[in-house]
Amino acid sequence: MTTRATLQTLLEPGSIAVIGASEDTTKPGGLLVRNILLRGYSGELLLVNPKSDVVQGARTYKSVDDLPVAPELAFVAIPARLVRQSLLDLAKKGTKAVVVLSNGFGEASEEGRQQERRLVEIADAHGILLIGPNCSGIVSHAHAGKFSGLPPVSRKGGVDFLSGSGATVDFVYENATARGLPFNSLLNVGNSAQTGVTDLLKLYDEAREPDDSLIKLLYVEVLTRPREFLAHARSLSRKGFLLTGIKSGATEAGSRAAASHTGAMATSDTAVQALFDKAGIVRVQSRMELIDVATALINMGDHLDGRRVAVVSDAGGPGVMLSDELNRQGFAVPPFSERTRTRIAGVLPPGAGVGNPVDCLPTRNAESISAVLSIITEEEKENVDYILLIDGESGLSDTWAILEAIMKAQDTLDIPVLQCFLSPTSAAEPLAKLRGVGRCYFDDEVSMARALGRVVNRPRVTLPVRELPGYDRAWLSSLFETLTGTLEPDDAKDVLQAAGIRTPALAELTQRTDMEALDIPFPWAMKVVGPLHKSDVGGVKLGIENIEQASMAWDELMRIEGAYACLVQQMVQGTEVLIGANREEGYGHLVAFGLGGIYTEALKDINFCLTPLSHEEAEKMVRCIRAFPLVEGVRGQLGMDIEMLADWLIRVGLLVTDFPLIREMDLNPVKGFGSDLYAVDARIIVD
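Now the structure itself:
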């Protein structure tokens, strides 16, 4: 898609046309005009209505041809059968961007889908950015081009919301504005005939003008170009933008029949989570979580990485609940110094809690709250990263005065103050005043702690490793010229060695008598060659101490259905983990790490990451499995070298990135102690 439109065309157009402007505010064209006029759009508003000279007090034109100038942005709110001609007229006029509100297209029927495709053909041919059809409109700080939901209000510096669903925009906006969250823009793509959420991200990524908001909220239903989405989201994250979002419809398992453990456990939701992590997007599951994270981001400012929290409340119970959740999220609620406790006791009544949490009691007032916040900042600024404050309407003091004191603290203190108010009904009037002056707040203390955790524990965008010593790309290229299908053990061993991954001594035999000539020290591991999952059919014999035991094991293995050879391998002792890779259509390859051997699929304790990997991503994959203490070593047992495991994950990521014809790959188990590690068994499947 190549268009003449930029982000500024949508958010700050010099002129707007409404095709289908109406006096009737029960119609989309009427509501749209009302909202634009209500907000006081300062550009040139061009209304088209062939039957009326005036709509809602504004002059109209009979047709697009009659417009005195080419509108930069046009909204089309007419019956579906008339949209095509209007789009042609706008194209001839030179319009850059068109938002089609009309429904009755791809969401309705096959004929509608065909009409939709014709609209895209026209837009593409004339370089028009086409949003919709079946779209509720878009809103920015400059205009309110939207007909559904609450009459929208936005301002510079609020958050941007990019959505694949108009209804989700309405519901998020209504719930968010009830808590004071300000919006810079609201954009939804309707049927995404030409322009989807990925294309909007691209506009933000390529914008030349300074952006008014660093916070982007995303709601995505369909990801048709995940790698492009990833590229623009990563670019925005690296520029300092903060992204949080929902990807719905992503929990179904993949439909392919996977031959590897990694392939069997990699679902579409796994790929989505890996994509969001790689892009630096905080993934949430609900609209309210989206609002909570945005509220946290706005109140935290540049202080995004602390883990020490001071809790201030007007009652003990909510403070304890908040502290419990902070602990679950990995935060510390450190005790205050004796000096801090003494000073706080001096400004609060007897019976107040002066440690951390601070219980100010329901008799608190603006002066005591202000004093407590100042004391914590003065005395504990080296020990506290955030102050989380909980308040409610007690009826014992002036709530608005308390809110003003909190706002002053937020504006002047060096420690960010996040606020939660638990009395939406009894404190409705002061909270409305709070929203009116542009402040946002939480309405649940546990949700506040979780949102803070989401932000501080957010995924980071890091630079992938592209070169490693011992990774022989030239040799690998020559190997993959002839390899296909499920690789034979010798071929898999060659691939791993070229990638810099160590394997134990092994030999594949088709005759029992060949065992006597092997130069592989006992004990042996003997594995059947042929069946897919060896353990499931009893195809693995361990601890073979001599040639007599080996002969007996041979006989048992060769009686297994499908067996045609036997793999004899130097036996390795130690902890077992899995390193794998799986190609996910559209996303690229997912690298996997988890507990290995027979526990892989039983426990499903496994992490995934999109390739290529950075050092930070690889180490996080290792450290974040639940069984990490076993990998590290417990109760005096030797563990595995974490840096070497991370290095091997990076190598596998490089391998499948350089050679995408690898469909699935399992190194299971990777086994050993310390840095004496081996890929004991390998399955590599090549297209």
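All residue numbers for the sequence shown refer to our numbering, where the first residue is 904 and numbers rise by one.
Each residue gets a CB set at the ideal place from its N, CA and C atoms; glycine is no exception.
Keep in mind that this is a model prediction, so the values were computed, not measured.
- In the DSSP assignment, E1024 falls within the unbroken alpha helix (DSSP H) covering E1013 to H1029.
- The beta carbon of G1477 sits closer than 6 Å to those of K1574, G1575 and F1576, all from its chain and outside the five residues before and after it, given in chain order.
- In terms of Cβ geometry, G1497 and E1479 do not form a close pair [threshold 7 Å].
- Under the three-pair Cβ rule at 8 Å, the stretch 914–924 counts as touching the stretch 939–958.
- In this chain, Y1076 is not harboured by any beta strand (DSSP E); it is covered by the alpha helix (DSSP H) spanning G1069 to T1080.
- Under the three-state reduction of DSSP output, S1350 falls in the helix class.
- Take T1560, set aside five residues on each side of it, and the residues of its chain with a beta-carbon closer than 6 Å to its own are T1514 and P1515, in chain order.
- Under a 10 Å Cβ-count criterion, R1554 is classified as buried, with 16 or more other Cβ atoms of the shown protein chains found around its own Cβ.
- Distance from A1182 to L1133 at the Cβ level is roughly 5 Å; contact confirmed, criterion being Cβ atoms closer than 8 Å.
- Annotated three-state conformation of H1518 is helix, per DSSP.
- Beta-carbon to beta-carbon, L1004 and S1039 are separated by about 7 Å, close enough to satisfy the 8 Å threshold.
- Under the three-state reduction of DSSP output, G1497 falls in the strand class.
- DSSP lists A1235 as the beta-bridge partner residues of R1211.
- With three or more CB-CB distances shorter than 8 Å, the stretch 1329–1340 counts as touching the stretch 1299–1318.
- Per the coordinates, the alpha-carbon of A1218 lies some 58 Å from the alpha-carbon of P982.
- D1063 and I1118 do touch by the CB rule: their CB atoms are close to 7 Å apart, below 8 Å.
- Residue pairing by DSSP puts E1411 in a beta bridge opposite L1470.
- Within the same chain, and ignoring the five residues on either side of A1495 in sequence, the residues whose Cβ sits closer than 6 Å to its Cβ are T1165, G1483, I1509 and F1511.
- Within the stretch 1049–1134, the complete beta strand (DSSP E) runs of at least 3 residues fall at 1062–1066, 1086–1091 and 1118–1123.
- Per DSSP, the continuous beta strand (DSSP E) segment holding G1148 begins and ends at L1145 to K1150.
- In this structure, the CA atom of R1462 is about 10 Å from the CA atom of G1442.
- No residue range can be given for R1369, since it is assigned to no alpha helix (DSSP H) and is classified by DSSP as neither H nor E.
- Cβ contact annotation for T1302 (same chain, cutoff 7 Å, sequence separation greater than five): E1296, A1330 and P1333, in chain order.
- Between V1214 and A1354, the gap from beta carbon to beta carbon reaches 7 Å or more.
- A direct Cα-to-Cα measurement between N952 and L990 gives close to 15 Å.
- Minimum Cα-Cα distance from A961 among the listed residues E1384, Y944 and D968 corresponds to Y944.
- Excluding residues up to 5 positions away in sequence, L1264 lie with their Cβ nearer than 8 Å to the Cβ of G1254 in the same chain.
- By the criterion of a C-beta distance shorter than 6 Å, Q1473 is surrounded in its chain by P1407, A1408 and I1423, once the five residues flanking it on both sides are discounted.
- Annotation: the continuous beta strand (DSSP E) that includes I1041 extends over G1040 to S1043.
- L1032 sits in a strand when the DSSP states are folded into three classes.
- Counted as a single uninterrupted DSSP element, the beta strand (DSSP E) harbouring M1568 occupies residues I1565 to F1576.
- With contacts defined by Cβ atoms closer than 7 Å, P1392 and H1206 do not form a contacting pair.
- By the C-beta criterion, the stretch 1446–1457 is judged not to be in contact with the stretch 1086–1099, since fewer than 3 inter-stretch pairs fall below 8 Å.
- Taking all protein chains shown into account, Q1414 has fewer than 16 neighbouring C-beta atoms within 10 Å of its C-beta and is therefore exposed.
- Residue environment: S1051 is assigned as buried (16 or more neighbouring CB atoms within 10 Å of its CB, all protein chains considered).
- In this structure the stretch 1075–1085 does not lie against the stretch 1097–1110, because fewer than three pairs of beta carbons, one per stretch, are closer than 8 Å.
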